[in-house]
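Visitor: Line order of the protein sequences matches chains G and R. This note's numbering numbers the first residue of the first sequence as 655 and each following residue consecutively. This note's numbering numbers the first residue of the second sequence as -8 and each following residue consecutively. Each residue gets a CB set at the ideal place from its N, CA and C atoms; glycine is no exception. Quantities reported herein were computed from a predicted structural model and do not represent experimental measurements.
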Amino acid sequence: MSADRIIHGVVRGEPITIIVDGEPLACFAGETVAAAMLAAGVDAFRSDRRGKPRGLFCNMGSCYECQVTLVASGRRVRACLTQAVDAMEVVTRG
Amino acid sequence: MADLQHFDVAIIGGGPAGQAAAVALSGHGLSIAVIDEQPRPGGQILRQPPARFAVQAWLEGRSYAPLKQLLARFQALSGITWLGEHSVIGVQQGSVMAMGPEGVTTISARHILIAAGCQDLAVPVSGWTLPGVYAAGGIQAFLKGQQLLVGSRVLLAGTHPLQLLIAAQIVAAGGTVAAVMFAQPRSAMIGALTKHPLAALRRAPDLLATAGALRTLARAGTPVLFGAKIEALTGNDRVSGAITNQGQVACDAVGLCYGFVPQSAVPRMAGAQMKPAGPAGGWACVHDEWMRTSVPGIAAAGEAVGVAGAAAAAAGGSLAGIAIALDLGLIDADAADRAARQPRRALLQHRAFAALLDAAADPTDHFPKPAGDTIICRCEDVDHATLTGQVSAGGSANAIKLATRCGMGACQGRNCEPSLLRMIAETGPGSDPGFTARFPARQVSIADLLPPE
Ligand SMILES: Cc1cc2nc3c(=O)[nH]c(=O)nc-3n(C[C@H](O)[C@H](O)[C@H](O)COP(=O)(O)OP(=O)(O)OC[C@H]3O[C@@H](n4cnc5c(N)ncnc54)[C@H](O)[C@@H]3O)c2cc1C
Ligand code: FES
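(1) How about LEU121(R): is its C-beta nearer than 8 angstroms to some C-beta of chain G?
(2) Just to check, is the beta-carbon of ASP702(G) closer than 7 angstroms to a non-hydrogen atom of ligand 1?
(3) Does ligand 2 have even one heavy atom less than 7 angstroms from the beta-carbon of CYS276(R)?
(4) At a CB distance below 9 angstroms, what residues from the stretch 60 to 91 of chain R approach chain G? Give them in sequence order.
(5) Along the alpha helix (DSSP H) that carries LEU412(R), what are the first and last residues, could you check?
(6) Are PRO409(R) and ASP349(R) close, meaning C-beta to C-beta below 8 angstroms?
(7) If you measure from the CB of GLU719(G), is any heavy atom of ligand 2 nearer than 7 angstroms?
(8) Please confirm if the stretch 123 to 134 of chain R is in contact with the stretch 241 to 258 of chain R, defined as three or more CB-CB distances below 8 angstroms between the two stretches.
(9) Report the option in ALA698(G), MET714(G) and GLU677(G) whose CA atom is closest to the CA atom of ALA741(G).
(10) Could you confirm whether any beta carbon from chain R is found closer than 8 angstroms to the beta carbon of ASP658(G)?
(11) What are the start and end residues of the alpha helix (DSSP H) that includes LYS706(G)?
(12) What did DSSP end up calling GLU222(R) once you bin it into helix, strand or coil?
(13) Confirm the yes/no value for this check: CB of VAL257(R), any heavy atom of ligand 1, distance under 7 angstroms.
(14) Have a look at the DSSP bridge pairing and note the partners of GLY246(R).
(15) Does the contact criterion of 3 or more C-beta pairs under 8 angstroms hold for the stretch 326 to 339 of chain R versus the stretch 71 to 79 of chain R?
(16) Should ILE672(G) go down as buried or exposed, given a rule of 16 or more other Cβ atoms within 10 Å for buried?
(17) Taking Cβ positions, are ALA159(R) and LEU208(R) nearer each other than 8 angstroms?
(18) Within 10 angstroms of its Cβ, does GLN110(R) collect 16 or more other Cβ (buried), or is it exposed?
(19) Which residues of chain G have a Cβ atom closer than 8 angstroms to the Cβ of VAL124(R), listed in chain order?
(20) So which of ARG747(G), CYS712(G), PRO707(G) and LYS706(G) has the shortest CA-CA distance to LEU724(G)?
(21) So is the beta-carbon of ILE36(R) under 7 angstroms away from any non-hydrogen atom of ligand 1?
(22) Closer than 7 angstroms to a non-hydrogen atom of ligand 1 - does that hold for the CB of GLN29(R)?
(23) Look up HIS375(R) in the DSSP assignment and say whether it is helix, strand or coil.
(24) Can you tell me whether HIS375(R) is buried or exposed, with buried defined as 16 or more other CB within 10 angstroms of its CB?
(25) What are the boundary residues of the alpha helix (DSSP H) that includes HIS341(R)?
(26) Determine which residues of the stretch 132 to 145 of chain R have a Cβ less than 7 angstroms from any Cβ of chain G, and write them out in chain order.
(27) Establish whether the CB of GLY128(R) and some CB of chain G are separated by less than 8 angstroms.
(28) Taking the beta carbon of ARG703(G) as the centre, do at least 16 other beta carbons fall within 10 Å, making it buried, or is it exposed?
(29) Please report the distance separating the alpha-carbon of LEU37(R) from that of ALA733(G).
(30) Cβ of ALA303(R) versus every heavy atom of ligand 2: is any distance shorter than 7 angstroms?
(31) With C-beta atoms as the reference, is ILE366(R) less than 8 angstroms away from PRO122(R)?
(32) Consider the C-beta atom of ALA698(G) and the heavy atoms of ligand 2; say whether any pair is separated by less than 7 angstroms.
(33) Give the secondary structure of GLY91(R) by DSSP, where H, G and I count as helix, E and B as strand, and everything else as coil.
(34) Is the beta carbon of ALA291(R) within less than 7 angstroms of some heavy atom of ligand 2?
(35) How about ALA106(R) and VAL145(R): are their beta carbons less than 8 angstroms apart?
(36) Between which two residues does the beta strand (DSSP E) holding PRO669(G) run?
Shown next, in the form of structure tokens:
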């Protein structure tokens, strides 16, 4: 199950593509990486020590469950605070 | 490490409190930095959609109108340097360290206002680490800010009335809410309201918003249940249901809504005196009648001084702004007193309403019971059984942190500290000052802290 974008009454930025773990993912300029991933049905951001998938939790920058690595800079960032930019490449594992 | 920037005033947080302070300080020719990790101002209550979006009918409800006016005034101010996408990682008297897209910046300012707001209280229950389980405020922020519905059948569960509003917003956006489950009995909520009819009446618009939310949910056939407690969240790779004392519920997203706690990492690190924030837990800044903390040159306003809603945050922010103008010698004591009269009155009123809300939403006796293997510290995977052992052996929060790594992870204990302190209060030595706050308040790589080559 994936999250659904609200279409009615909403005009988004231009369509762009980001790359998550090597897979192209269609989204819109200005969306957060977290929103783009959820809308594409990608809701596991990591596995915990029990090998169980973990999702994001707070969507406001405080829980750190949404961390991804920006391939270009090597920085670990919070996907819920990071705006998607065309051709941006992220990997979910550190 | 990047550059050094100088300002007269640095405001941490672009929510209602930070905006109101900036408005109160405008017109004096001051240089003011407003630092926020969100790209756009608004704070949690007005999480703005990206500048690239055009959203018709964004947050049209009556209770949002005065906040949208304040935001518009703030955005029209001159002399403000908006440092969006900057996370404050440390504060001390006279300086703020922030991590931006290009690295770490140090901001020097004679006056610093901490207006960092609050966060959802993180409440552990079996299965809460499954993808699809969110803090309820997070679901709402996806709606407001990203125009995204996180699931096709959302269950809201907790004790805080805000979940009614969130449920109604989901329904209005075309989504489906499986149920809104209040763990407390209906009488506990109604009782709190009728005990303080005056405070309730003064905030009629908010109560009407709640009534409106109930109507929206009734029309949609959404069950609103009381005394309904979640026992476990279930699913394989993501959440697919909940086991409750009133039977099983199928859902593909869950929002946990047991209340809010101040974001306290920054003031605690600065050494400001703190006090317990309220029934939901957490720590609030102690302040004087001008919103000054115990650290000279550092003031606090908004939910950093206690969770009391956006209107109280704005009133406290105004007061803090007026006080900074007074302390900088820009206005005299008489002028400050005159200007402070209205925000002081507003603050009192809103706090009375907040106390009522606190009583109605009090989660103390209504938390889910974690199982032994329920993870309490999400970052370091420390479970309830491990912590129970430590707590009954009499450990303090700091000692348990060292022994188990609970609170040592990426979130710096923001999620697990209230849970651990509840355990210590219930079965351990009792009150505990919590984890010692450590730099940085937000994770940062060592490379970003080193001087450039
Ligand atoms: C997710 C969420 C949703 C909410 N929704 C509602 C609602 O619908 N209705 C309602 O009445 N109340 C809501 N609340 C409560 C609400 O937050 C307040 O009533 C109001 O927004 C408080 O205003 P404030 O100015 O104190 O803080 P906020 O509005 O929270 O603003 C604080 C700002 O500080 C920033 N910040 C925090 N820490 C740092 C840091 N270290 N570095 C940089 N920036 C930082 C944050 O990004 C935020 O923008 C919500 C709370 C949360 C957490
Ligand atoms: S979801 Fe919590 S930090 Fe991003």
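Guide: Looking at the atomic coordinates:
(1) yes
(2) no
(3) no
(4) GLU76 and SER78
(5) 408 to 418
(6) no
(7) yes
(8) yes
(9) GLU677(G)
(10) yes
(11) Run containing LYS706(G): none; DSSP gives neither H nor E here.
(12) strand
(13) yes
(14) TYR125(R) and LEU147(R)
(15) no
(16) buried
(17) yes
(18) buried
(19) GLY709 and PHE711
(20) ARG747(G)
(21) yes
(22) yes
(23) helix
(24) buried
(25) 324 to 352
(26) ALA132, PHE133, GLN137, GLN138, LEU139, LEU140, VAL141, GLY142 and SER143
(27) yes
(28) exposed
(29) 20 angstroms
(30) no
(31) no
(32) no
(33) strand
(34) no
(35) no
(36) 669 to 674
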